[in-house]
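Written out below as C-alpha cells is the structure these notes cover.
Okay, here's the thing in C-alpha cells:
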C-alpha cells in the first residue's frame, strides 16, 4: 500500500471547539487561564471538526483513548519532561 504524501486526521469523532479544548487543558493542568478572546474572524468557519474516517478506512485505525485520558497522559508527559530539564 503506497501512502507517501497522504494526510490523515486522528480523532475520537466527538466534536469540541478550540475554546472548549483550551479550557479543558488549563483545568487538567491546574493552571489559571491566561488567554484573551479578541473576537471572531470575519470569515471564520463556525463549526469545524476533525474526522478520522480516512484513517479508519485506509489504516484500520481506531482511537485507544478518550480525549480526557489522552490529554492526561500528554500533560503528565510534558510536566515530567520539563521537570527533568531543570
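In UniProt numbering, the protein residues as written are 1 to 86. In this text, a Cβ means the ideal position worked out from N, Cα and C, and glycines have one as well. From a predicted model like this one, the values you see are computed outputs, not experimental measurements.
With burial defined as no fewer than 16 other Cβ atoms inside 10 Å of the residue's Cβ, what is the status of residue i: buried or exposed?
i: residue 41; result: exposed
i: residue 7; result: exposed
What are the boundary residues of the alpha helix (DSSP H) that includes residue i?
i: residue 83; result: 67-85
Kindly list the residues whose CB is nearer than 6 Å to the CB of residue i, restricted to its own chain and excluding five residues on each side of it in sequence; keep chain order.
i: residue 50; result: 9 and 11
May I have the straight-line CA-CA distance separating residue i from residue j, to the nearest angstrom?
i: residue 77; j: residue 71; result: 10 Å
i: residue 25; j: residue 3; result: 33 Å
i: residue 52; j: residue 84; result: 34 Å
i: residue 31; j: residue 1; result: 44 Å
i: residue 33; j: residue 74; result: 18 Å
i: residue 45; j: residue 16; result: 14 Å
i: residue 35; j: residue 19; result: 10 Å
Per DSSP, what kind of secondary structure is residue i in: helix, strand or coil?
i: residue 28; result: helix
i: residue 56; result: helix
i: residue 3; result: coil
i: residue 38; result: coil
i: residue 62; result: coil
i: residue 19; result: helix
Give me, in chain order, the residues of the same chain whose beta-carbon lies closer than 7 Å to that of residue i; leave out the 5 immediate sequence neighbours on both sides.
i: residue 56; result: 62
If I measure Cβ to Cβ from residue i and keep anything under 8 Å in the same chain, skipping five residues before and after, which residues do I get?
i: residue 68; result: 24 and 28
i: residue 80; result: none
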